[in-house]
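These notes are about the structure you will find just below.
Chains as they are written, first to last, in this note's numbering: chain A, 1 to 218; chain B, 1001 to 1646.
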């Protein structure tokens, strides 16, 4: 799918508290700024949501704005079905925010599950990854799973780089148009602790993402 | 990582900012010299941003003060005090914080903030995204006559902040800047202008009629307040704050704040590009001529606003007073509760304009509705290692799962205790409302009555109900959670306590609490013994749970470990493993630790600890009835890094 410069690009990032949803969202926004986009608007959750809760961020950008305000990005929240890209740091969170997905949505999901307390108490059931995929397939065709937590643990000996690896995978889908990899790298250097590892994580995500796309499209 | 945030230093250019950051930037450009607030979502990060700027730019401290206040009423009065020395002051609070501040603000509004200026920033929370309820606090605006500006984008957050200070200074009036969780935490472009230094030294000049709103001055100040409001009402068209997007349709829309964004995108979704829209930047007062000019050519007007009708009431009043024949549409089509979104506004407008929304939207809603009931719940809960969670465990055990027991909850992380599987909070009112309710319940029942309060809440408003409970020797067991932080709102310091300048046990002693124990919930056996003793005694008992917030404690310990390792020190490594698990669920359902999950090993069900989520509090190991949780230490003879003691 190719995008026009006047298109609004809509991204949903879902996960659980502490996974780095907000950091990931900010990186995309700051990189969109570096790429010269006319409009950027995104929203994040603070406060109550931070205690093991479900987290979602919406972020949106538009390279070229119209004279007519009616055609421009005006709300930080995405409309139902309007997400171009869905980055899920925890698989079941994709379902919780599924109302924002449609035929045009590409999903990238981290395979590592984080069960809520009702699951750990064995009072509710967590669906299998296959079940999650089946449900998402009702609306969308492009669904990519990757174990980014494991990649982060293997490469960096911590799960802390998972979110940046997922950003790399998301970049590989082509659903973050007009933002160049170097824009992300600059932003990582400006805003993150330990930028070298994070740039490596980004590259690792892009490589793995590309492999994933090739496999799926053979 | 950045050393100092240039977005608060540069004098020009365009940067990305959250709404709250833009408000702070607006304050810097407006020459604000004092700000005070009690933390509360969605306004806590305003204070954090001020604190960060003052840390990074210590030279600013001469011109700018930020206080974390003990509660909202204190914050408002101290802000007024500073304004009366000639300062421009910002007083942020969440919507329910306005309830606490209202007593002070009702008088400050009458007096007026001159010679300085005072802006209150109220963070509304439609949808209750970070609060216990979503009250429509806009009605205070009518009650106290706060001219109110409602921004939509971060750029407007900055621009309106500056405008608010100008109006406040010019008209001797407290101005309200109303954000919402969405506008406060939305990020967008903000154009920077030069920064102005605030007042370094002010001066209070005696003016008895102005600052003593008692009869007869109270009446005179009330008259003066109306005069000021009328002057502002007249000036609105010159402020360039209300925005018209013209269109030929005979149905128009009036809206404000975030709803404007949803409305414009919803209209685009429905292919309605000719509907005139009036976006109100100032939602009180309204300029009648401006409104009637917009209404005159229309047959219908739709008012789009989150929560109960506020604009709708005033616009109906104006239409009625000016004999306009126009149908006013609002609450019958739009919900009076919960947060709005583009999708929701589009669905409502589709009915009004009899249009079909885009297929992409309707299909996605249908598909989502087909599976939404199967999504497992994930409500917020206590973190792994939380001392409050461990306390609830001990309470559940000692009361035989709350048999004949009433638990009065309160505001703080433990608001979450009503969620399953622990479900041990019977009621919530407000900050320190739990203890107050417990006094009444204990007088009229034979049940065991337990109340919770956090350390920050205790200092906020909790000492007064404790003094009453001590006076009547109420038959209540009060738990004070001393975790050293205002944790729920993002770990602001608990005034005096975090810096170890005051002691809660000494306060309890001075108030007249005769039965007091200090316990650590990481040692459930000892705690349970104390709870049992307390529940056998009549009268007021207080147990202080002294244990640092697990998030902060873990951060501190991790940093210590990192530091010691860097120094080349060899450290103990602690691991936990589970063998011989009987699947009794003591850890998963009663303690309900989120770092423990069910798994299968060799076809057998067992619980397992998530290494990367466990903070090693060892509570599960101490409570396991089957001794199935084992601790192993590598390098046992080397340095052990404990959590720090409070």
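In this text, a Cβ means the ideal position worked out from N, Cα and C, and glycines have one as well.
Note that the coordinates shown come from a computational prediction; the quantities given were computed from them, not determined experimentally.
- Listed along chain A, the residues sitting closer than 9 Å to residue 1267/B by beta-carbon distance are 70.
- For residue 1071/B, the closest C-alpha among the options 1459/B, 1168/B, 1217/B is that of 1459/B.
- The criterion of a C-beta distance shorter than 7 Å is not satisfied by residue 8/A and residue 89/A.
- Residues 1158, 1161, 1162 of the same chain have their beta carbon placed closer than 6 Å to that of residue 1026/B, with the five preceding and five following residues left out of the count.
- In this structure, the alpha-carbon of residue 1121/B lies about 20 Å from that of residue 1199/B.
- 190: these are the residues of the stretch 161-190 of chain A whose beta carbon lies less than 8 Å from some beta carbon of chain B, given in chain order.
- By the Cβ rule, the stretch 1061-1069 of chain B does not count as touching the stretch 1014-1024 of chain B, because fewer than three pairs are nearer than 8 Å.
- The Cβ-Cβ distance between residue 1550/B and residue 1386/B falls below 7 Å.
- Looking only at 1357/B, 1405/B, 1084/B, 1455/B, the smallest Cα-Cα distance to residue 1208/B is reached by 1084/B.
- For chain B, the residues of the stretch 21-48 of chain A that bring a beta carbon within less than 7 Å of one of its beta carbons are 29, 30, 33, 40, 41, 42, 43, 44, 45, 46, 47, 48, in chain order.
- Shown here, residue 200/A sits in a helix according to DSSP, grouped into three states.
- Fully enclosed alpha helix (DSSP H) runs of no fewer than 4 residues occupy 1019-1030, 1044-1056 of the stretch 1006-1079 of chain B, in order along the chain.
- Taking 7 Å as the cut-off, the beta carbon of residue 1343/B is found closer than this to the beta carbon of residue 80/A.
- Across the set 1094/B, 1646/B, 1609/B, 1369/B, the C-alpha of 1094/B shows the shortest separation from the C-alpha of residue 1135/B.
- When DSSP reads this structure, residue 1148/B sits in a beta bridge with 1176/B, 1284/B.
- Residue range 1448-1454 is occupied by the beta strand (DSSP E) that includes residue 1451/B, with no alpha helix (DSSP H) assigned at that position.
- Contact of residue 51/A with chain B by beta-carbon distance below 7 Å involves 1380, 1381, 1382, 1383, 1413, 1416.
- Secondary structure of residue 1493/B (DSSP, three-state): strand.
- Under the DSSP definition of a beta bridge, residue 1630/B partners with 1577/B.
- Between residue 1514/B and the set 1543/B, 1433/B, 1434/B, the nearest pair of CA atoms involves 1543/B.
- The beta strand (DSSP E) runs lying completely inside the stretch 1102-1149 of chain B and spanning 3 residues or more are 1117-1124, given in chain order.
- Going by C-alpha positions, residue 1622/B is about 21 Å away from residue 1381/B.
- In chain order, 1371 make up the part of chain B whose C-beta sits under 7 Å from the C-beta of residue 135/A.
- Against chain A, the beta carbon of residue 1180/B has no neighbour under 7 Å; the closest one sits roughly 11 Å away.
- Listed along chain A are 79, 80, 81, 82, 102, 103, 104, each with a C-beta nearer than 9 Å to that of residue 1360/B.
- The bridge partners DSSP lists for residue 1375/B come to none.
- Within the same chain, Cβ atoms closer than 6 Å to the Cβ of residue 1045/B are found at 1020, the five residues on either side in sequence being excluded.
- The DSSP-derived three-state label of residue 1209/B is helix.
- Look at residue 91/A: its C-beta is not under 7 Å from any C-beta on chain B.
- Residue state for residue 1217/B is assigned as helix, using DSSP reduced to three classes.
- For residue 140/A, the closest alpha carbon among the candidates 204/A, 98/A, 64/A, 56/A is that of 98/A.
- According to DSSP, residue pairing for residue 1517/B in a beta bridge involves 1543/B.
- Identification of chain A residues near residue 1588/B by a Cβ-Cβ cut-off of 7 Å yields 120, 121, 122, ordered along the chain.
- Per DSSP, residue 33/A lies in no beta strand (DSSP E) segment; the continuous alpha helix (DSSP H) that holds it begins and ends at 21-34.
- Annotation for residue 1030/B: 1088, 1161, 1162, 1165, 1196 place their beta carbon closer than 7 Å to its own, counting only its chain and skipping 5 residues before and after.
- No Cβ of chain B is located within less than 7 Å of the beta carbon of residue 148/A.
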